[in-house]
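Start counting at 1 in the sequence shown, then tack on 24, and there's your number in the working numbering. Heads up, the beta-carbon is just placed ideally off N, CA and C, and yes, glycines get one too. It should be emphasised that the depicted structure is a prediction, and the values quoted were computed from it without experimental measurement.
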Amino acid sequence: MTDVLRAPHALEYTYTRSVGPVVERFFTGLGEHRIQGIKGADGKVIVPPTEYDPHTGESLTEFVDVSDAGCVTTWAWNTDPRPGQPLDRPFAWALIKLDGADTGMLHAVDAGDESTMSTGMRVKARWAADSVADMGALECFEPEAAK
Numbered sequence: 025m026t027d028v029l030r031a032p033h034a035l036e037y038t039y040t041r042s043v044g045p046v047v048e049r050f051f052t053g054l055g056e057h058r059i060q061g062i063k064g065a066d067g068k069v070i071v072p073p074t075e076y077d078p079h080t081g082e083s084l085t086e087f088v089d090v091s092d093a094g095c096v097t098t099w100a101w102n103t104d105p106r107p108g109q110p111l112d113r114p115f116a117w118a119l120i121k122l123d124g125a126d127t128g129m130l131h132a133v134d135a136g137d138e139s140t141m142s143t144g145m146r147v148k149a150r151w152a153a154d155s156v157a158d159m160g161a162l163e164c165f166e167p168e169a170a171k
C-alpha cells in the first residue's frame, strides 16, 4: 500500500493592495456618497477613473463629479449569487452609463426580478448605511422608479 501525501490548500490573498491616488480619490468619493470620473485626453469622462488615458497613455488628473443615476447599457441576470457577491438574492450585473459619464461602470442592479430588467432602463445608486471609502459604499443600483 502506498501512502498518499496530502496538504491543506487555501486560496487567499494575504497582502494589502495599494490603489494609487486616482482610485483612492474615487473610493473616498464613494465614502461620501458621490461618484467621480476623470476627463480623458479627448474630453470624455471615464468612470471609474483611470490613471492613464486609454488611447494616448498620458496621465489623467482632471476629476469630474457625475450623477449617481444613469442608464443600463447592457446586463446579464445572475440567478444564483455566490458568497461575496453584492447581493444574496438574484440580481443583474449591468454596465451603467451614469449621467455625466461617457463610459459604463459595472455594478449590481437589484431589480427584484429578471422581467423588470431592460437595456436603457434608468437606475439610481443605493448607498450602504455605513460610510466606507471603497466599493462597499455603493451597495448596488436599483430601478429609478423604486426611489
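Among the bridge pairs identified by DSSP, residue 100 is matched with 117. Note on residue 130: under 16 other CB atoms within 10 angstroms of its CB, so exposed under the neighbour-count rule. In the three-state reduction of the DSSP assignment, residue 83 falls in the strand class. Here residue 48 carries a helix assignment [DSSP, helix/strand/coil]. Remark: three or more beta-carbon pairs, one from each stretch, lie closer than 8 angstroms, so the stretch 57-67 and the stretch 81-93 are flagged as touching. For residue 67, the closest C-alpha among the options 142, 149, 125, 55 is that of 125.
Per DSSP, reduced to three states, the secondary structure at residue 138 is helical. The alpha carbon of residue 72 has as its nearest neighbour, out of 56, 83, 46, the alpha carbon of 46. Beta-bridge partners assigned by DSSP to residue 130: 119. Under the DSSP assignment, residue 41 falls outside any beta strand (DSSP E); it carries neither an H nor an E label.
Looking at the backbone, the Cα of residue 44 and that of residue 53 are separated by about 14 angstroms.
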